[in-house]
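Novice: Residue numbers (my numbering), protein chains in the order written: chain A, 1 to 222; chain B, 223 to 480.
Don't be surprised by glycine CBs; every beta carbon is placed ideally from N, CA and C.
(1) Assign residue 277 of chain B to one of three DSSP states: helix, strand, or coil.
(2) Taking a Cβ distance cut-off of 8 Å, strictly less, list which residues of the segment 438 to 464 of chain B are near chain A, in chain order.
(3) Would you report the Cα separation of residue 154 of chain A and residue 346 of chain B, rounded to the nearest angstrom?
(4) Can you tell me whether DSSP reads residue 62 of chain A as helix, strand or coil?
(5) First and last residue of the beta strand (DSSP E) that includes residue 440 of chain B?
(6) Residues of the segment 371 to 390 of chain B with a CB closer than 9 Å to any CB of chain A: list them in chain order, please.
(7) Suppose the cutoff is 8 Å on Cβ atoms and the five residues either side in sequence are ignored; what does the same chain contact list for residue 392 of chain B look like?
(8) Closer than 8 Å by beta-carbon distance: list the chain B residues that pair up with residue 234 of chain A, in chain order.
(9) Going by DSSP, what residues sit across from residue 453 of chain B in a beta bridge?
(10) Hey, quick one: how far does the alpha helix (DSSP H) through residue 185 of chain A stretch, first residue to last?
(11) In the DSSP assignment, find the alpha helix (DSSP H) that holds residue 86 of chain A and state where it starts and stops.
(12) Return the residues of the segment 158 to 171 of chain A that lie within a Cβ-Cβ distance of less than 9 Å from chain B, sorted by chain order.
(13) Is it right to say residue 142 of chain A is buried, meaning 16 or more other beta carbons lie within 10 angstroms of its own, or is it exposed?
(14) Pull up the distance between the alpha-carbon of residue 99 of chain A and that of residue 408 of chain B, whole angstroms please.
(15) From B:440, B:434, B:466 and B:474, pick the residue whose C-alpha is nearest to that of residue 321 of chain B; which is it?
(16) For the segment 74 to 95 of chain A, which residues have a CB atom closer than 8 Å to at least one CB atom of chain B, in sequence order?
(17) In chain A, which residues lie with their C-beta within 7 Å of the C-beta of residue 473 of chain B?
(18) With DSSP as the reference, label residue 169 of chain A as helix, strand or coil.
(19) Please report the straight-line C-alpha distance between residue 303 of chain B and residue 220 of chain A, rounded to a whole angstrom.
(20) Using a cut-off of 7 Å between C-beta atoms, extract the partners of residue 58 of chain A located in chain B.
(21) Kindly indicate which three-state DSSP category residue 486 of chain B falls into: helix, strand or coil?
(22) Going straight from the alpha carbon of residue 199 of chain A to that of residue 167 of chain A, what length do you get?
(23) Does chain A have any CB closer than 9 Å to the CB of residue 367 of chain B?
(24) Please classify residue 68 of chain A: is it buried, with 16 or more other beta-carbons within 10 angstroms of its beta-carbon, or exposed?
(25) Anything in chain A within Cβ reach of residue 301 of chain B, meaning under 8 Å, just list it in chain order.
(26) Find out if the Cβ-Cβ distance for the pair residue 362 of chain B, residue 301 of chain B is shorter than 9 Å.
(27) Assuming contact is defined by CB atoms lying nearer than 9 Å, are residue 125 of chain A and residue 151 of chain A in contact in what I supplied?
(28) Can you check DSSP and say which residues form a bridge with residue 375 of chain B?
(29) Under 7 Å between beta-carbons, which chain A residues line up against residue 304 of chain B? List them in chain order, please.
(30) How would you label residue 308 of chain B, buried or exposed, when you count the other beta carbons within 10 angstroms and need 16 or more for buried?
(31) With 9 Å as the threshold, decide whether the Cβ of residue 193 of chain A is near any Cβ in chain B.
(32) With burial defined as no fewer than 16 other Cβ atoms inside 10 Å of the residue's Cβ, what is the status of residue 488 of chain B: buried or exposed?
(33) With 9 Å set as the bound, which would you pick, yes or no: does the beta-carbon of residue 178 of chain A sit closer than that to a beta-carbon of chain B?
(34) If contacts are defined as beta-carbon pairs under 8 Å, then residue 479 of chain B and residue 446 of chain B qualify, I think. What distance do you get, rounded to the angstrom?
(35) Contact criterion: CB-CB distance below 9 Å. Does residue 467 of chain B meet it with respect to chain A?
(36) On a CA-only basis, which of A:54, A:57, A:41 and A:148 is nearest residue 117 of chain A? Give me that one, please.
Quick look at the structure:
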């Protein structure tokens, strides 16, 4: 009983989700991530890395805290170069992001994959994750922690774009800037949204390496 | 192709090639001479610089120019930059330049005049007391530096639009270009020049502009980043030609609108 539970994904704890798991097993080899998800994912990966690394160089021109980012991990060489990269990759990030969000809602993928998220599930799955009992057996079904992180990072993505607009256009979009507590405060929001994305990215990459088939699914779809 | 194989009378082919390669920069000359399908040879054949047009830098420059257009489209000529109470003024207001305050230009009133050139009816230069006599107003707005920091200041002066009207400037022209005592330059588009908050500034915080903030004249543009707000201005030019600027020429986005 003990061992059986340990190897089962947490998502099989409820009856409804158990059916889900069984269905996934029966149709093994089916597409986990449709092509549009994979294309958007990798374009986003490139855009984000450019935005983050050039953003660090921009930060260095007028640091908010007592540290700067080492030049070796920044992009652009100097402020002007970094700004060129940042305001070029922004188009890639925003256009790709819009396509992803529109398709995410239109195809029902967000609803299917990311909801419902209940507090009880999140607590149970978090506990399971930290005691090593949470598995990624069924790639097609997210556990509550995954749901929370993936939904959460979407919201952070919206936040970083809006706070970026608030910093970029504090006169033309002054109501948006005011919503973020003014220009100076919007810079902090933009910074912490970046920090949240970087933390997510680290966990995301580590998990994909620990569960290589999830990386394969994002490349080949299966 | 056969057309090119026909010998041109009176021209030695080998000498022609030798002369042509002499005109090329050293690197592409060597590439061309080393033969084959090198980029240098391709450049010579197609007449366009392939490696140049495909470089990341070139692409980024094109996108930056596209962003200029986007920002001009976003710019609302009637939207005013937020204003603040005098209690919000940043004291001391930071001095910022590519040189130290000691190296900032020392302008004497008697030596100074504002040159007005280009598409204007009256190119007579203006002395400081003449400019002081024009109607002035005060704005307390946020100065935002391209580096990211910001500071709130109080600026008093004459609307640039008012001055342009008085000199009979062609307001259908595209640009107003500024030159400064130390050689600094920058340019703005006419729409920004005519914005009600774009100001020829003579006072900071109620006092005649100190050296640090651009004595005797600064142009304050709260709808543009700080580097588009020139200090120690000595010359104003109305033109349809884009003349660039000190930072713009080094890769900073030209529009840099807020």
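Specialist: The relevant details are as follows:
(1) Residue 277 of chain B: coil per DSSP, three-state reduction.
(2) Of all residues in the segment 438 to 464 of chain B, those with a C-beta nearer than 8 Å to a C-beta of chain A are 444 and 445, reading in chain order.
(3) For residue 154 of chain A and residue 346 of chain B, the gap between their C-alpha atoms comes out near 59 Å.
(4) In the structure shown, the three-state DSSP call for residue 62 of chain A is coil.
(5) Per DSSP, residue 440 of chain B belongs to the beta strand (DSSP E) from 440 to 442.
(6) Those residues of the segment 371 to 390 of chain B that come within reach of chain A (Cβ to Cβ, closer than 9 Å) are 371 and 372.
(7) Hits under 8 Å: 341, 342 and 460.
(8) The shown model of chain A, from 1 to 222, leaves out residue 234 of chain A, and the question about it has no answer.
(9) None; residue 453 of chain B has no bridge partner.
(10) Segment 183 to 210, the alpha helix (DSSP H) holding residue 185 of chain A.
(11) Element bounds for residue 86 of chain A: 79 to 106.
(12) Listed in sequence order: 167, 168, 169, 170 and 171.
(13) By the neighbour-count criterion, in which 16 or more other beta carbons inside 10 Å mark a residue as buried, residue 142 of chain A falls on the buried side.
(14) Straight-line Cα distance between these residues: approximately 38 Å.
(15) Measuring C-alpha to C-alpha distances from residue 321 of chain B to each of B:440, B:434, B:466 and B:474 identifies B:434 as the nearest.
(16) Going along the segment 74 to 95 of chain A in chain order, one finds 79, 80, 81, 83, 84, 85, 87, 88 and 91 with a Cβ nearer than 8 Å to chain B.
(17) In chain order: 80, 81 and 84.
(18) Three-state result, residue 169 of chain A: coil.
(19) Each residue's Cα considered, the two are about 50 Å apart.
(20) What residue 58 of chain A touches in chain B: 370.
(21) Any property of residue 486 of chain B remains undetermined from this structure, which presents chain B solely from 223 to 480.
(22) Going by the C-alpha atoms only, they are around 23 Å apart.
(23) Yes, its Cβ sits closer than 9 Å to a Cβ of chain A.
(24) When all chains shown are included, residue 68 of chain A counts as exposed.
(25) Chain A residues near residue 301 of chain B: 171, 172 and 174.
(26) Result no, Cβ atoms of residue 362 of chain B and residue 301 of chain B do not sit closer than 9 Å.
(27) Judged by beta-carbon spacing, residue 151 of chain A lies beyond the 9 Å limit of residue 125 of chain A, meaning their Cβ atoms are not closer than that value.
(28) In the DSSP assignment, residue 375 of chain B forms a beta bridge with B:363.
(29) Going along chain A in sequence order, the residues near residue 304 of chain B (Cβ under 7 Å) are 174.
(30) So residue 308 of chain B ends up on the exposed side.
(31) False, the Cβ-Cβ gap to chain B never drops below 9 Å.
(32) This structure leaves residue 488 of chain B out entirely; chain B is present only between 223 and 480.
(33) Yes, because at least one Cβ of chain B sits closer than 9 Å to the Cβ of residue 178 of chain A.
(34) So it is a contact: roughly 6 Å between Cβ atoms.
(35) False, the Cβ-Cβ gap to chain A never drops below 9 Å.
(36) Of all alpha-carbon atoms in A:54, A:57, A:41 and A:148, the one lying nearest the alpha-carbon of residue 117 of chain A is that of A:148.
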